[in-house]
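**Student:** So that we are looking at the same thing, I have put the structure below in C-alpha cells.
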Amino acid sequence: MERKLQGPQPIIFLSKDTKLIAAVSERLVTAGIKIVAFPTVDALTADRCPGLGAILVLDTKTLPEGQDIASLMGHVERRWGSRPMLTCIAHSSAIELRLQALRAGADAFWTSPVAADELAARLLALSDTPGSDGYRILVVDDQPVAVNFAVRVLEDAGMRTRSVGDPRRVLEILEAFRPDLVLMDLHMPGVDGIELTALIREHEAVYATPVVFLSSELDPSRQLDTLRVGGNDFITKPVHPEQLVATVRRNIRTFRRRQGRQHPSGDDTPSLLTRTEKVRSKSGEPADNQVGSQVGSNRPPAPADPNPERVAQLTALVQAALRSAGLQLVYQPIMALRGERKALYETGLRLKLPDGEYLPASAFLPAARQGGLLPAIDRWVMEHALDRLRQEQATHPRLRLFLHQGLETLNAEEWLSWFQNQIAAWNLIETLPILQFQFAELSAAREVAATRFEALRHLAIETCLDVPADDPQVTDLIDDLGIALIRFPLPPTRAPDPARLTELVTRVHAVGAKVIVAHIQDPRTIARVFGCGVDFIQGDFLQPPSAELDFDFGEAALA
Numbered sequence: 172m173e174r175k176l177q178g179p180q181p182i183i184f185l186s187k188d189t190k191l192i193a194a195v196s197e198r199l200v201t202a203g204i205k206i207v208a209f210p211t212v213d214a215l216t217a218d219r220c221p222g223l224g225a226i227l228v229l230d231t232k233t234l235p236e237g238q239d240i241a242s243l244m245g246h247v248e249r250r251w252g253s254r255p256m257l258t259c260i261a262h263s264s265a266i267e268l269r270l271q272a273l274r275a276g277a278d279a280f281w282t283s284p285v286a287a288d289e290l291a292a293r294l295l296a297l298s299d300t301p302g303s304d305g306y307r308i309l310v311v312d313d314q315p316v317a318v319n320f321a322v323r324v325l326e327d328a329g330m331r332t333r334s335v336g337d338p339r340r341v342l343e344i345l346e347a348f349r350p351d352l353v354l355m356d357l358h359m360p361g362v363d364g365i366e367l368t369a370l371i372r373e374h375e376a377v378y379a380t381p382v383v384f385l386s387s388e389l390d391p392s393r394q395l396d397t398l399r400v401g402g403n404d405f406i407t408k409p410v411h412p413e414q415l416v417a418t419v420r421r422n423i424r425t426f427r428r429r430q431g432r433q434h435p436s437g438d439d440t441p442s443l444l445t446r447t448e449k450v451r452s453k454s455g456e457p458a459d460n461q462v463g464s465q466v467g468s469n470r471p472p473a474p475a476d477p478n479p480e481r482v483a484q485l486t487a488l489v490q491a492a493l494r495s496a497g498l499q500l501v502y503q504p505i506m507a508l509r510g511e512r513k514a515l516y517e518t519g520l521r522l523k524l525p526d527g528e529y530l531p532a533s534a535f536l537p538a539a540r541q542g543g544l545l546p547a548i549d550r551w552v553m554e555h556a557l558d559r560l561r562q563e564q565a566t567h568p569r570l571r572l573f574l575h576q577g578l579e580t581l582n583a584e585e586w587l588s589w590f591q592n593q594i595a596a597w598n599l600i601e602t603l604p605i606l607q608f609q610f611a612e613l614s615a616a617r618e619v620a621a622t623r624f625e626a627l628r629h630l631a632i633e634t635c636l637d638v639p640a641d642d643p644q645v646t647d648l649i650d651d652l653g654i655a656l657i658r659f660p661l662p663p664t665r666a667p668d669p670a671r672l673t674e675l676v677t678r679v680h681a682v683g684a685k686v687i688v689a690h691i692q693d694p695r696t697i698a699r700v701f702g703c704g705v706d707f708i709q710g711d712f713l714q715p716p717s718a719e720l721d722f723d724f725g726e727a728a729l730a
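Residue numbers (this note's numbering): 172 to 730.
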C-alpha cells in the first residue's frame, strides 16, 4: 500500500467561492480536517489524489459546458484511481441538477446559497472523524489468495480483521467477533453469499450488520440478487485497494450515522447534543441523525423517560416555548414518483434552547407527553402551519402541508369547530392541510377515531397514517377510517425487501390509499422502491428538513 488511512478524510472543494471555503475551514479546523480547494476541473484533476476516502464538494458553477456531474466523477476516478465521496452545491434549483447528483451517487445536496454552519456540520458527519481505527471487518471467502488480499488492504488502512473460509461457521464467528461490517464472497461451496446474508438478516443478534459483497460475478441480475436479500453494496473483483477501503468505510459510516452509534474512540461525555449535532443545531438544521424519519412526529414511539429531573427540565422548556417564540416548524418535501406535482411537505417541529441550539422533536416530545403538553403542542403546530399556508397562498398555490396531530386533540369538544373556522377565516380551501396520525393510537381507539375521521371527510380533509411496520391490520384501518395515504419508513439498517414492499403497496392501493416511503438516504434505495409501485418518496437524500419551502417540484415526477 502506498498510503495508510490516518485521521479524517480530506475534504476537497471544487469551487471559486473563497469566502465559503474559508468559513467552512474555520469551523472544521478543530476537528483536524484538511480542506483543499481547486477553482477549476483542470486544476482538480491535475493534482494527485489527496487521500483515501476523500470528500468532494462540487460547486456546479465549475462544471465545464457540456459536462454533467456523472461524467465529471468518472473523469476524476480515472485520474485518481479512486472515486471520492460526492456532495453538491447547485447554482440553481433546477431539478435536472438534483437528478444529475442523484444519478452520480451524491451523499448530500444543497442549493446555493448554503450556510457555512450547515455545510460544515454535514461534512463533519460525513467525515466520521476519527479515521477507521477500531473498525472490525469479517472477511468471508473460501479462496486464501482473496482473503489475504482483503485482509492486507484493510489492516494497512488501520482496521481489525478476522477471516473465515468455511461459510458454515459465519454465524458463530459473527456472534463472537461482532464486526462492524462483513465483506462477503458470493460463490462458495455448500452455502453461497446470498444464502448467508439471508441467514444474517434473520439472526436477532447480528441482523443489522452491514454486508458488502466482493465477487467476480458480472451478471447484473445476480448482483441485484445480493442487494435484494439485504446486501448493502457490491464490489466487482479485481478491486483497487483504495476503492475497497473507501467502500468499507462509507458503508460503516452510513450505518453508524443512521444508528446514531458513537465511534469506538469517540467522546463518551453525556450530553443532550453531540459535537456534530451542536454544529448542525447552530445552523438551524435538526440535530437528530435521522431527521427524515423523525421530522416532526407529535406522537413519537419512544418510551417514557425514566429520568424525572430531565423530564421536568424539558417540560419547563416546552411550556416556556409555547408562550414565546421557542418552537419552530421545519418542512421536508415529499416527492411524487408518478404523475402528481403538488408541493407536499411533512411539517416538523424543533425546540430552541436558551443557548441558541435546537432540539429535534424526538428529543423532547416524550417528556412533553409525560407532562400532558401534547394537545397544546398540536394546537400550536396547527395555528402556525395554517398561518404559513395563508402566507404562501400567492407564491405556492399548490402547497399542501402534512401536520401531525393526536386523537386526543381531535376529540376535544371545541376542536372541530375551531379548525373549521380557521380554514374559512384564512380561505384555505385550495390548500387544505393533510392530517397525520400514528397507527398505534388509531388502532387502539378505532371507534373514537371513526367518528372524528367522518367529520374530517365532511370538511374534505385528507388523512395520512404513519405505519412503523407492515401490520396486517393496516388495510382494515385504512378502509374503516377512509385514510388517503400511509407513510411507511424503511428500516434504517437493512435494504428494503421488494417482494414485501410490493405486497404492502398492492394491499394499500386495493383499498384506495397511496403509499409514501420515508427514510430515502441514497439513490440505490430510490431505484429499489420505484419498481414496487410506491407513489411518493421522502428522505434526507432529496432534502433534509428546512425552515424554507424551497424544494423544486416543477419537474419532480420521475416517471
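Even for Gly, the Cβ is constructed at its ideal location relative to N, Cα and C.
Do I649 and V676 have their CB atoms nearer than 7 Å?
**Tutor:** Here residue 649 is taken as the residue at index 478 of the sequence shown, counted from 1. Here residue 676 is taken as the residue at index 505 of the sequence shown, counted from 1. No. Outside cutoff.
**Student:** Secondary structure at W597, three-state DSSP: helix, strand or coil?
**Tutor:** Along the sequence shown, read from residue 1 onward, the residue named residue 597 stands at position 426. Of the three classes helix, strand and coil, the one that applies to W597 here is coil, per DSSP.
**Student:** On a CA-only basis, which of L185, T368 and E197 is nearest T231? Give me that one, please.
**Tutor:** Residue numbering aside, residue 231 sits at position 60 when the sequence shown is read from its first letter. That would be L185, whose Cα lies nearest to the Cα of T231.
**Student:** Under 7 Å, do A241 and L257 count as touching if we go by C-beta distance?
**Tutor:** Along the sequence shown, one-based indexing puts residue 241 at 70. Along the sequence shown, one-based indexing puts residue 257 at 86. Remark: C-beta atoms of A241 and L257 do not approach each other more closely than 7 Å.
**Student:** When the Cα atoms are used, what is the spatial distance from A539 to R494?
**Tutor:** Position 368 of the sequence shown, counted from the start, is the residue given in the question as residue 539. Position 323 of the sequence shown, counted from the start, is the residue given in the question as residue 494. Cα to Cα, A539 sits roughly 15 Å from R494.
**Student:** From the DSSP output, read off the bridge partner residues of F230.
**Tutor:** Here the question's residue 230 lines up with position 59 in the sequence shown. Checking the sequence shown, residue 230 turns out to be Asp, not Phe. Paired residues: I260.
**Student:** Give the range of the beta strand (DSSP E) segment to which Q607 is assigned.
**Tutor:** Along the sequence shown, read from residue 1 onward, the residue named residue 607 stands at position 436. Q607 -> beta strand (DSSP E) spans I605 to Q609.
**Student:** Within the continuous alpha helix (DSSP H) that includes H575, where are the two ends?
**Tutor:** Position 404 of the sequence shown, counted from the start, is the residue given in the question as residue 575. Segment L570 to H575 is the beta strand (DSSP E) holding H575; no alpha helix (DSSP H) there.
**Student:** If you reduce the DSSP assignment to three classes, tell me which class D313 lands in.
**Tutor:** As a position in the sequence shown, residue 313 is number 142, starting the count at 1. Of the three classes helix, strand and coil, the one that applies to D313 here is coil, per DSSP.
**Student:** Could you check if A496 is buried or exposed, using at least 16 other CB atoms within 10 Å of its CB as the buried criterion?
**Tutor:** Looking up residue 496 in the sequence shown gives position 325. So A496 counts as exposed.
**Student:** Throw me the rounded Cβ distance for the V383 and V419 pair, which I believe falls under 8 Å.
**Tutor:** Numbered from 1 along the sequence shown, position 212 holds the residue referred to as residue 383. Numbered from 1 along the sequence shown, position 248 holds the residue referred to as residue 419. Confirmed, Cβ separation roughly 6 Å.
**Student:** Should L522 and L530 be called a contact, given that it needs their Cβ atoms to be closer than 7 Å?
**Tutor:** To locate residue 522, count along the sequence shown from 1; it is residue 351. To locate residue 530, count along the sequence shown from 1; it is residue 359. In contact: L522 and L530 (Cβ atoms closer than 7 Å).
**Student:** Excluding sequence positions up to five away, which residues of its chain have a Cβ less than 8 Å from the Cβ of R628?
**Tutor:** In the sequence shown, the residue the question calls residue 628 occupies position 457. Here the set comprises G653.
**Student:** Which term fits D641, buried or exposed, when burial requires 16 or more other beta carbons within 10 angstroms of its beta carbon?
**Tutor:** As a first step, residue 641 must be located in the sequence shown, where it is residue number 470. Burial call: exposed.
**Student:** Nearest to P255 by CA position, among Q541, R421, A532 and V501, is which residue?
**Tutor:** Translated into positions along the sequence shown, residue 255 becomes position 84. That would be R421, whose Cα lies nearest to the Cα of P255.
**Student:** At a cut-off of 6 Å, would you count D327 as near the ligand ADP, judging by its Cβ distance to the nearest heavy atom?
**Tutor:** With respect to small molecules bound, the structure shown includes none, and the ligand ADP cannot be examined in it.
**Student:** Could you give the C-beta distance for T380 and L345, rounded to a whole number, given that I count them as a contact under 8 Å?
**Tutor:** For this step, residue 380 is matched to residue 209 along the sequence shown. For this step, residue 345 is matched to residue 174 along the sequence shown. Correct: roughly 7 Å between the Cβ atoms.
**Student:** Counting Cβ pairs closer than 8 Å, one from the stretch 568-577 and one from the stretch 543-552, do we hit at least three?
**Tutor:** yes
**Student:** Taking 7 Å as the cut-off, decide whether the C-beta atoms of R658 and I687 are in contact.
**Tutor:** In the sequence shown, residue 658 corresponds to position 487, counting from 1. In the sequence shown, residue 687 corresponds to position 516, counting from 1. A contact, by the Cβ cut-off of 7 Å.
**Student:** Give the DSSP bridge partners of A514, in chain order.
**Tutor:** Translated into the one-based positions of the sequence shown, residue 514 becomes position 343. Answer is L570.
**Student:** Take D239 and list the residues in its own chain whose beta-carbon comes closer than 7 Å to its own, dropping the five residues that flank it on each side.
**Tutor:** Taking the sequence shown and counting its residues from 1, one reaches residue 239 at position 68. Excluding positions up to five away in sequence, the list reads Q271.
**Student:** Which residue's Cα is closest to the Cα of R623: Q644, L656 and W586?
**Tutor:** On the sequence shown, position 452 is the one that residue 623 refers to. Nearest of Q644, L656 and W586 to R623, Cα basis: W586.
**Student:** Could you give the DSSP three-state label for M506: helix, strand or coil?
**Tutor:** Sequence index remark: in the sequence shown, residue 506 carries index 335 (1-based). Reduced to three states, the DSSP call for M506 is strand.
**Student:** Using three-state DSSP, classify G437 as helix, strand or coil.
**Tutor:** Sequence index remark: in the sequence shown, residue 437 carries index 266 (1-based). At G437, the pLDDT of 38 sits below 50, so the modelled position is not reliable and the matter cannot be decided from this model.
**Student:** For L560, which residues of its own chain have a beta-carbon under 8 Å away from its beta-carbon, when the five flanking residues on both sides are left out?
**Tutor:** Taking the sequence shown and counting its residues from 1, the one referred to as residue 560 is at position 389. L570, L572, W597, L599, T602 and P604.
**Student:** Could you check if S533 is buried or exposed, using at least 16 other CB atoms within 10 Å of its CB as the buried criterion?
**Tutor:** Your numbering for residue 533 matches position 362 in the sequence shown. By the 10 Å Cβ count, S533 comes out buried.
**Student:** Taking only three categories from DSSP, how would you classify V450?
**Tutor:** Taking the first residue of the sequence shown as 1, we reach residue 450 at position 279. Residue placement at V450 is poorly supported in this model, since its pLDDT is 37, which falls under 50; the coordinates are not used for a value here.
**Student:** So the alpha helix (DSSP H) M553 belongs to, where does it begin and stop?
**Tutor:** Working through the sequence shown from its first residue, we reach residue 553 at position 382. Here the alpha helix (DSSP H) through M553 covers L545 to E563.
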